[in-house]
Amino acid sequence: MKSRLLKSTLMLRSTAKVLSQLQGLWYETRKEKF
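So for the sequence shown, full-length UniProt numbering puts the first residue at 1; every next one is plus one.
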């Protein structure tokens with residue numbers, strides 16, 4: 001049970017990292033366009 005929780009936590013963390021990277025990328029492209 002504990003390992004499953006750890007796995008989901010790691011998955012959430014990596015997903016958050018990817019999302020923040022995408023957000024930063026989107027912000028950069030928006031900054032260039034406008």
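Every residue gets a Cβ at the ideal spot worked out from N, C-alpha and C, and that includes glycine.
| query | result |
| --- | --- |
| Where do the ends of the alpha helix (DSSP H) carrying Met1 lie? | Taken as a continuous stretch (DSSP letters only), Met1 belongs to no alpha helix (DSSP H), as it is neither H nor E. |
| Give every residue of the same chain whose Cβ lies closer than 7 angstroms to the Cβ of Lys2, excluding the five residues on either side of it in the sequence, and list them in chain order. | none |
| Rounding to the nearest angstrom, what Cα-Cα distance links Lys31 and Val18 in this structure? | 20 angstroms |
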